[in-house]
Every structure is written in C-alpha cells, then in structure tokens.
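Engineer:
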Amino acid sequence: ERAGSQPAGPVQPPAARDSNSPGRHPGEGSSPPPALGSIAQDMAAVHMLKLYEKYNREGSRPGDGNTVRSFKARPEFLAQKPSYCFNLTSMQDSEMILAATFHFYADKRPRHREVFCKRSKNSSCRLLHLPPILQLNLIFQSIHQNSAYGLVKGNITVFIQRRGAWHAKDISHIVKESKRSGELILCAELDSGEKHQGFPEQVSSHLPYILVYANDLAISEPNSVAVTLQRYDPFPSNDGDPNLSPNASTDTRVRRDTYLPSSIQNNELPEVDYNNNKYNKHDVWENAYKSLKPKASRKDRRRKGQENTETLTKSQVLNFDEKTMKKARRK
Amino acid sequence: QWNEPRICSRRYMKVDFADIGWNEWIISPKSFDAYYCAGACEFPMPKIVRPSNHATIQSIVKAVGIIPGIPEPCCVPDKMSSLSVLFLDENKNVVLKVYPSMSVETCACR
C-alpha cells in the first residue's frame, strides 16, 4: 500500500457500521459487558458483543451478510520477530467473505523516548520529543503448517495520530487471498522501525484481532443451526438407511460366539432313563439333589479339587457308554 | 396450554439453550421465544388460518370422504423471523450468526 495513506481511522466494512461516533473504536471506554462472562478479557469479544447488540437492534441489512467471525491473536516469534498469528481455519467454505478488518492497539508512548527523557533534566522533554505521528508497517504473512517462515501477503503502512487507542485497518484483500489459496494461518508483524525487542508489554486485552464479515450461503439450508451449534448428537446419526431407528447403530454388531460342543445334542441327563413311562420330572430332580455328597473336609476338598482338575484336563468331552448311545440313536 | 383455541394457531414456547445443552458455547441469547403451531384445519377453514388453495381442496376431500384415509391439512409455521446468535466456535473465537426461521410469527394450514 502506498505510503501516506489515510490515518488508520476505524474502517466501516458493510457489517461493522457501529453506532459509535466515527473515529471511536467500538470497544473503547466501555467496561466489559456481563454477557461475556469469563471471555470479557479480550477486546475482540467486546467488539463482537457490540455488533450483536447492533444486529439485534437494527437487524442485518441485505448487504451486511449474516455472519461475523472474530479471530484472536496468538503471539509468536517469526524469523526472530515478534508477530501475532491468527488461525482462520474455522471459516466455512459456504461463507463468502464481504470484508475483513485488522484491529490493533497503538501503545501510549514508545519506550525509547521514555528512557531518553529519564536521563535528561529538561522537564518538557516528553513534549519536545513526542513524535507527532507514529508510522507503523503492518506486514502480513501466511504460514504453512509447522514452518518458521511465511509468505508475505501484504504490507500496509499506517500513520497513527492517536496513541493509547485502538485502530482498525481494512485487510479484506489479504484475508480473501488467504482463504482462496487455503493458507489459513495468517501472521501480522507491527513494525514501528524500533529495533525488535520482544512483545510490547501489552495486556491480553490489548492483543490485536481480526474480524471477518461474511455471507453464509448455507445458512438458509434446512437445519443450518445444527451444523454450527449442535456439537453433540443425542442419537448416532444413521447416515445409511433413513428408516433405521435411531437406536440401531450403524456400526457392525459384535457377533456373539454361539459355541456348541458337538457332543451335547440335548439337555437330557446321560444317566437318566427317560424311556419308562414312570418318568417324573420331580423324581429326577429329587434324585439329582439326593445324590449330592456330604461336605468334604478342607484336605479332602483340596485333594478332590486336584482330582477334578486332573479328570477335567483328561476328558474335556462327555463320553456316553454304548447302551446310552444305542438308546439315543434309537430315539 | 389447555385453554388454547382448537383452531390452528401460534402457541407460546420459550427455548432455553441450557435445556438443550447448547449454553456452554452460546454467549447470547440465553433463551428466546420460538413459539410453535398447533390446532385443527377442519372444513370449513376460516380465513384466519390462511389456507393455501391446495389445503382448501384437501380439507373438502377429507370432509366429503371421497377418498378414505386422507387427513386434514397440517397446521404449520407460515411467517418466521430470524435470530442473531453470539457463540464460541471450536477455537474459542467469538462468532455472530443470524439464523433465519428460528421463531414463528404466524401459522397457517398447508
């Protein structure tokens, strides 16, 4: 952008026409609203709440778009320079970008003059050395995953008249280009020409942020509210057959193993003679219980246990004598 | 709800996002008046239920019993209004979206 551009007064993109007086940034001079609760620290949230109240008051006009996304900055060092990075990946493909603005806080006073004036005895030092206008270079780079260097996407020079205040700059072309090329990690370096020391001692509420105004073409689709607000699904979605009841989960059922030892063909007890017509179920159970042995002593039980394990290991399969087999075959 | 009119009309329904488990990420509003439609679309249908031509024909067919099993028309939302919702996306960034058709203004027989 050519030097000498307009001072960075707040940009009024289609959806950001705030009711604030021109030149005042939406979040300035206002205490964080209670509606934001714990996230009231950052100015992006305060700004978004102002936009929400405006949309509620005036409704969104046709050119305004139906979506505003805010992106908070994450301080990073890029090629040893302090930069602010923004993760734009949450933008949806159906969101057509109308405008984007970069909001940053111009520190009250540059540090080097602080140090300089401390030494000098002249009380009006601060006034004499107050540079009338601060020139800032906003250098935007898009970062590929896990790389330490970026691709410069834009370099905007701004002239700051008011210190200790928020400023906004239109970066629509940069964000549109980033989205088009799929480079959705965007970093901004605020270069004031001072030698790079670290990040200015900004409080977290003074971190820069980006607002993206968009028109979500999918918002009029049926159930568009579920796409962005339904974060869990009380029923597993049946992608396949719509007739499936919500409980019929589409994942393959665990097939239970129905192992039937080949030798047991029915529930009859081998030693019981079912042929004679005197057979009475009650008797059978009586006999079965009567035949229980009296409780063996501990020693015997242990020995018995050993015998059982021996017999068990020996004959895993039940053997019937010839007579029983003959009867079974006959039956 | 019991002394509601029988005829197809708009009924009050307030939705609290905490009741549907969305309040963790929705900053504002906490609740809103959504309303719903219920009531009969019997022949003859008065103008107030703003029947479509098809609904009028269907209710006559139903009343005359020409074809067994034809139900009366349904009482559904006609005019609806949008709702601005401020919420946190998965990256905890604040998002504002204006969702259409979130609240019922009028009902009609269709």
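Protein sequence lines correspond, in order, to chains A and B.
So the first sequence is numbered by the numbering used here: it starts at 1 and just counts up by one.
So the second sequence is numbered by the numbering used here: it starts at 1001 and just counts up by one.
Using N, Cα and C, we set each Cβ at its ideal position, and we do this for glycine too.
Mind checking whether I97/A and S172/A have CB atoms under 9 Å apart?
Structural biologist: As a working note, residue 97/A is residue 97 in the first sequence. As a working note, residue 172/A is residue 172 in the first sequence. Yes.
Engineer: Taking Y84/A and A188/A to be in contact with their CB atoms under 8 Å, please state how far apart those CB atoms are, rounded to whole angstroms.
Structural biologist: Start at 1 with the first residue of the first sequence, and residue 84/A comes out as number 84. Start at 1 with the first residue of the first sequence, and residue 188/A comes out as number 188. Between A188/A and Y84/A the Cβ distance is about 5 Å, and since that is below 8 Å, they are a contact.
Engineer: Using three-state DSSP, classify A45/A as helix, strand or coil.
Structural biologist: Position 45 of the first sequence, counted from the start, is the residue given in the question as residue 45/A. For A45/A, the three-state secondary structure derived from DSSP is helix.
Engineer: Using DSSP with H/G/I as helix, E/B as strand and the rest coil, what is M325/A?
Structural biologist: Translated into the one-based positions of the first sequence, residue 325/A becomes position 325. Helix.
Engineer: In the structure shown, what three-state DSSP assignment does I1099/B receive?
Structural biologist: Reading the second sequence from its first residue, position 99 is the one you call residue 1099/B. According to the sequence shown, residue 1099/B is Tyr rather than Ile. Y1099/B falls in the strand class under three-state DSSP.
Engineer: So A1055/B is in the alpha helix (DSSP H); what residue range does that whole segment cover?
Structural biologist: Position 55 of the second sequence, counted from the start, is the residue given in the question as residue 1055/B. 1053 to 1064 is the span of the alpha helix (DSSP H), which, as asked, contains A1055/B.
Engineer: Hey, quick one: how far does the alpha helix (DSSP H) through I185/A stretch, first residue to last?
Structural biologist: Reading the first sequence from its first residue, position 185 is the one you call residue 185/A. In this chain, I185/A is not harboured by any alpha helix (DSSP H); it is covered by the beta strand (DSSP E) spanning 185 to 191.
Engineer: Relative to chain B, which residues along the region 199 to 229 of chain A have a C-beta separation below 8 Å, given in chain order?
Structural biologist: D216, I219, S220, S224, V225, T228, L229
Engineer: Can you give the Cα-Cα distance for Y1036/B and Y1012/B, rounded to whole angstroms?
Structural biologist: Here residue 1036/B refers to the residue found at position 36 of the second sequence. Here residue 1012/B refers to the residue found at position 12 of the second sequence. Cα-Cα distance, rounded: 7 Å.
Engineer: Can you pull the chain B neighbours of T67/A, defined as C-beta to C-beta under 8 Å?
Structural biologist: In the first sequence, the residue the question calls residue 67/A occupies position 67. Per Cβ cutoff of 8 Å: V1095, L1096, K1097, V1098.
Engineer: If I measure Cβ to Cβ from S94/A and keep anything under 6 Å in the same chain, skipping five residues before and after, which residues do I get?
Structural biologist: In the first sequence, the residue the question calls residue 94/A occupies position 94. So the qualifying residues of the chain are D216, L217, A218.
Engineer: Using a Cβ cut-off of 7 Å, pull out every chain A residue sitting near N1091/B, in sequence order please.
Structural biologist: Counted from its first residue, the second sequence places residue 1091/B at position 91. The contacting residues are N87, S90.
Engineer: Kindly indicate the opening and closing residues of the alpha helix (DSSP H) around T228/A.
Structural biologist: In the first sequence, counting from the first residue as 1, residue 228/A sits at position 228. It spans 224 to 229 - the alpha helix (DSSP H) in which T228/A sits, taken as one unbroken run.
Engineer: Comparing C-alpha positions only, which one of N319/A, T324/A, R163/A, Q80/A sits nearest to F199/A?
Structural biologist: Your numbering for residue 199/A matches position 199 in the first sequence. Checking every option, the nearest Cα to that of F199/A belongs to Q80/A.
Engineer: Can you give me, in chain order, the residues of the region 43 to 59 of chain A that have a beta carbon less than 7 Å from any beta carbon in chain B?
Structural biologist: Considering only beta carbons, the part of the region 43 to 59 of chain A lying closer than 7 Å to chain B consists of A44, A45, M48, L49, L51, Y52, Y55, N56, in chain order.
Engineer: Have a look at K1079/B and I1048/B and give me their C-alpha separation to the nearest angstrom.
Structural biologist: Residue 1079/B sits at position 79 when you count from the first residue of the second sequence. Residue 1048/B sits at position 48 when you count from the first residue of the second sequence. Rounded to whole angstroms, K1079/B to I1048/B spans 13 Å at the Cα level.
Engineer: DSSP three-state call for L51/A: helix, strand or coil?
Structural biologist: Here residue 51/A is taken as the residue at index 51 of the first sequence, counted from 1. Three-state result, L51/A: helix.
Engineer: How would you label L151/A, buried or exposed, when you count the other beta carbons within 10 angstroms and need 16 or more for buried?
Structural biologist: Here the question's residue 151/A lines up with position 151 in the first sequence. By the neighbour-count rule (16 or more Cβ atoms within 10 Å), L151/A is not buried but exposed.
Engineer: Please state whether DSSP places D64/A in a helix, a strand or coil.
Structural biologist: The residue labelled residue 64/A in the question sits at position 64 within the first sequence. Three-state DSSP puts D64/A in a helix.
Engineer: By Cβ distance below 6 Å, which residues in the same chain neighbour P1100/B in space, the five residues on each side in sequence not counted?
Structural biologist: Along the second sequence, one-based indexing puts residue 1100/B at 100. Contacts found: S1082.
Engineer: Within a Cβ cutoff of 6 Å, which residues of the same chain sit near A1063/B, ignoring the five residues on either side of it in sequence?
Structural biologist: Position 63 of the second sequence, counted from the start, is the residue given in the question as residue 1063/B. Once the five neighbours on either side are set aside, the close Cβ partners of A1063/B are F1043.
Engineer: Quick one: is V1076/B near chain C, going by C-beta distance under 9 Å?
Structural biologist: No chain C appears in this structure, whose protein chains are A and B.
Engineer: Checking contacts by CB at 9 Å: is R163/A closer than that to chain B?
Structural biologist: As a first step, residue 163/A must be located in the first sequence, where it is residue number 163. Output row for R163/A: interface = no.
Engineer: Give the secondary structure of P242/A by DSSP, where H, G and I count as helix, E and B as strand, and everything else as coil.
Structural biologist: As a first step, residue 242/A must be located in the first sequence, where it is residue number 242. Because the pLDDT at P242/A is just 47, under 50, the model does not fix this residue reliably, and the point stays unresolved.
Engineer: What are the boundary residues of the alpha helix (DSSP H) that includes I174/A?
Structural biologist: Within the first sequence, numbered from 1, the residue matching residue 174/A stands at position 174. Run containing I174/A: 172 to 181, per the alpha helix (DSSP H) assignment.
Engineer: If we call anything under 9 Å between Cβ atoms a contact, is R1110/B one with A1055/B?
Structural biologist: Residue mapping note: residue 1110/B aligns to position 110 of the second sequence, counting from 1. Residue mapping note: residue 1055/B aligns to position 55 of the second sequence, counting from 1. Remark: C-beta atoms of R1110/B and A1055/B approach each other more closely than 9 Å.
Engineer: Quick check on K72/A - is its C-beta less than 9 Å from some C-beta in chain B?
Structural biologist: In the first sequence, the residue the question calls residue 72/A occupies position 72. Closer than 9 Å: yes.
Engineer: Can you list, in chain order, the residues of its chain whose CB lies under 7 Å from that of A1038/B, leaving out five sequence neighbours each side?
Structural biologist: In the second sequence, residue 1038/B corresponds to position 38, counting from 1. Within the same chain, A1038/B has close Cβ partners R1011, C1075.
Engineer: Hey, could you find the ends of the beta strand (DSSP E) V212/A is sitting in?
Structural biologist: Counting from 1 along the first sequence, the entry for residue 212/A is found at position 212. Counting along the chain, the beta strand (DSSP E) containing V212/A begins and ends at 209 to 216.
Engineer: Could you pull out every residue in the same chain whose Cβ sits closer than 7 Å to the Cβ of S142/A, ignoring the five residues on either side in sequence?
Structural biologist: In the first sequence, residue 142/A corresponds to position 142, counting from 1. G150, L151, K153, S178, E183, I185, L186, listed in sequence order.
Engineer: When the Cα atoms are used, what is the spatial distance from V68/A to H206/A?
Structural biologist: Sequence index remark: in the first sequence, residue 68/A carries index 68 (1-based). Sequence index remark: in the first sequence, residue 206/A carries index 206 (1-based). Those two C-alpha atoms are separated by around 20 Å.
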